[in-house]
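A quick write-up on the structure given underneath.
In this note's numbering, the protein residues as written are 76 to 351.
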């Protein structure tokens, strides 16, 4: 009898207590889940960068031994290495473009590969984890080997020919008077060629300077400049190819003139690096 009474006196959670417990669990989950996702994303980024490093080092070692010497042999060698990392070829490479690969990065990033001029090394960048920054050596190789001979109506076969004479810079928003077919301007031709090599400047403005035998590039972080922004400062990254440096800072928007029409430019000499 006493056992039955004791059993009947045992109380479970009331509805209010259950609601309180659920609310507390909800709050804990709301705090923990974003942190957990952040740690998972960070772990994926670390693994991705490790895979990129392994692929580049493995290619360099194999290339020293096998000496590919041309685009076809280099692409075949690179593909065999990426396949060992469970990668899949999405776009076949040509000339110094080593192709685009998927399925290595667990965040579904695409790997864009670029060879140097001797095919002895390869630069690999991930669309998810390169944080919008261009590797300086890759940029230098791409600019130095840029070929415009397949662009109808383009009067310049390469950048060196364009910069012969008084020209010292080119701007993304520049107005062209020469014929460049569907591209509309020489700047758009350059952007298309950069994009072919995995360097995307969509939604950003830039100014390129010819400096001796190499180039300097200023690239805005995430916006296009306009004439209404004249004298304003914008966030910008300087790619100092001569000194192999990437420097973030601010740059002043100015304007230049073609005929009677103005267009906005980035004033390179106004660039101020961020304080460390």
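Where is the CB? At the ideal position from N, CA and C, for every residue including glycine. Please read these numbers as outputs of a predicted model, since none were measured by experiment.
- The three-state reading of DSSP puts residue 179 in coil, since its state is none of H, G, I, E or B.
- Between residue 137 and residue 152, the CB-CB gap stays under 7 angstroms.
- Contact between residue 256 and residue 227 holds: their C-beta atoms lie close to 5 angstroms from each other, under 8 angstroms.
- DSSP links residue 109 through a beta bridge to no other residue.
- Within the stretch 225 to 298, complete beta strand (DSSP E) segments of at least 3 residues are found at 244 to 246, 281 to 286, 289 to 295, given in chain order.
- Residue 344 sits in a strand when the DSSP states are folded into three classes.
- In the structure shown, residue 122 falls within a helical segment according to DSSP collapsed to helix, strand and coil.
- Going by C-alpha positions, residue 129 is about 30 angstroms away from residue 293.
- Taking the C-beta atoms as reference points, residue 188 is found no nearer than 7 angstroms to residue 203.
- Relative to residue 241, the option among 265, 217, 285 whose CA is nearest is 285.
- Judged by their CB atoms, residue 217 and residue 135 are not nearer to each other than the 7 angstroms cut-off.
- At a Cβ-Cβ threshold of 7 angstroms, residue 150 and residue 201 do not count as neighbours.
- DSSP places residue 153 inside the alpha helix (DSSP H), whose first and last residues are 146 to 159.
- With fewer than 16 other beta carbons inside 10 angstroms of its own, residue 306 counts as exposed.
- Your pair residue 248 and residue 300 checks out as a contact, with CB atoms roughly 7 angstroms apart and the cut at 8 angstroms.
- Here residue 215 is buried. Its C-beta has 16 or more other C-beta atoms within 10 Å.
- Annotation for residue 327: the continuous beta strand (DSSP E) segment containing it runs 320 to 333.
- A Cβ-Cβ distance of about 5 angstroms is found for the pair residue 194 and residue 143, placing them in contact under the 8 angstroms criterion.
- Under the three-state reduction of DSSP, residue 195 is assigned to coil, being neither helix nor strand.
- Residue pairing by DSSP puts residue 337 in a beta bridge opposite 332.
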